[in-house]
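In order, the protein sequence lines correspond to chains A and B. This note's numbering puts the first residue of the first sequence at 8, with every later residue one more than the last. This note's numbering puts the first residue of the second sequence at 924, with every later residue one more than the last. Every residue, glycine too, gets a C-beta built ideally from N, C-alpha and C. Fair warning: this is a prediction, and the values are worked out from it, not measured in the lab.
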Amino acid sequence: GDSVTQMEGPVTLSEEACLTINCTYTATGYPSLFWYVQYPGEGLQLLLKATKADDKGSNKGFEATYRKETTSFHLEKGSVQVSDSAVYFCALTLLTQGGSEKLVFGKGMKLTVNP
Amino acid sequence: NAGVTQTPKFRILKIGQSMTLQCTQDMNHNYMYWYRQDPGMGLKLIYYSVGAGITDKGEVPNGYNVSRSTTEDFPLRLELAAPSQTSVYFCASTQYRAGYTFGSGTRLTVV
Chain A
8 GDSVTQMEGP
18 VTLSEEACLT
28 INCTYTATGY
38 PSLFWYVQYP
48 GEGLQLLLKA
58 TKADDKGSNK
68 GFEATYRKET
78 TSFHLEKGSV
88 QVSDSAVYFC
98 ALTLLTQGGS
108 EKLVFGKGMK
118 LTVNP
Chain B
924 NAGVTQTPKF
934 RILKIGQSMT
944 LQCTQDMNHN
954 YMYWYRQDPG
964 MGLKLIYYSV
974 GAGITDKGEV
984 PNGYNVSRST
994 TEDFPLRLEL
1004 AAPSQTSVYF
1014 CASTQYRAGY
1024 TFGSGTRLTV
1034 V
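Written out as structure tokens, the structure is:
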């Protein structure tokens, strides 16, 4: 079935370090890909998205490129801040046979950034 | 900019009690979803709806029921609460491929 596999962590970094969170997917068809972020005590927020191969999503200094050949959507940031401490979820959406849309999540990765 | 509103934010239930988690969105989205998030785990889909009057089961529907009488509202009903239903519940809505908007969650404890 359709699935998302991502680094699970937890990961602790120092401020200004580089971040890469790996995400790969298995899907029939052509999914849209997303990264969501969950700050402590809050709901999930859309961080960035890409809807077709070679698209690059970007937001708040984060980037991810939709790589169809490697079925990947790795999240990167060149210099993390303390405020980036959160749980990060990779996800995909596909149309079901009935024509509805479902979002499938990875398990999430907790990032802590220390000053 | 209300987005997706969930109530209540917190609730403690005794085993066997029932309750309804409310979810309302003001973005005129057709698709609405209920997820549960257990500690250290990702989100699992409970039920979803593609429009008023249409609902369908997700991965973990047992012990829950939903209804969708209007575009805006998508309540989740727990009948006969069990400790295994202790979790954080998130409601979400979307239009196709637009990215989901999530509510702030309901933290439920069953004792």
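- [ ] Grab me the residues of threonine 947 of chain B's own chain with a C-beta within less than 7 Å of its C-beta, minus the 5 sequence neighbours each way, in chain order.
- [x] Thr928, Glu995, Asp996
TODO: Can you tell me the Cβ-Cβ gap for phenylalanine 1013 of chain B and tyrosine 958 of chain B, rounded? I've got them flagged as a contact below 8 Å.
DONE: Indeed, because the Cβ distance is near 5 Å, the residues count as touching under 8 Å.
Open item on the list: Cutting at 8 Å between CB atoms, please list the residues of its own chain near arginine 991 of chain B, excluding the five before and the five after it.
Closed with: Met955, Ser972, Gly974, Ala975, Gly976, Ile977, Thr978, Phe997
Open item on the list: Do glycine 8 of chain A and lysine 117 of chain A have their beta-carbon atoms positioned less than 8 Å apart in this structure?
Closed with: no
TODO: Starting from the beta carbon of methionine 964 of chain B, find every residue of chain A whose beta carbon is closer than 7 Å, and list them in chain order.
DONE: Lys114
TODO: Compute the Euclidean distance between the alpha carbons of aspartate 934 of chain B and serine 65 of chain A, then round it to the nearest angstrom.
DONE: Before going further, note that residue 934 of chain B is arginine rather than aspartate in the sequence given. Cα to Cα, arginine 934 of chain B sits roughly 37 Å from serine 65 of chain A.
Task: Nonlocal neighbours in the same chain, by C-beta distance under 7 Å from serine 92 of chain A, ignoring five residues either side - done: Leu118, Thr119, Val120
Task: Contacts that serine 1027 of chain B makes with chain A (C-beta to C-beta distance below 7 Å) - done: Glu49, Gly50
TODO: Could you give the DSSP three-state label for aspartate 91 of chain A: helix, strand or coil?
DONE: helix
Task: Proximity test, Cβ basis, 8 Å: serine 1013 of chain B and chain A - done: Per the sequence shown, the amino acid found at residue 1013 of chain B is phenylalanine instead of serine. Interface annotation, phenylalanine 1013 of chain B: in contact with chain A, CB-CB separation under 8 Å.
TODO: Could I get the ranges of all uninterrupted alpha helix (DSSP H) runs contained in the segment 951–1013 of chain B, with 4 residues as the minimum, in chain order?
DONE: If only complete runs of 4 or more residues are kept, the segment 951–1013 of chain B shows no alpha helix (DSSP H) anywhere.
Task: Secondary structure of glycine 64 of chain A, DSSP reduced to three states - done: strand
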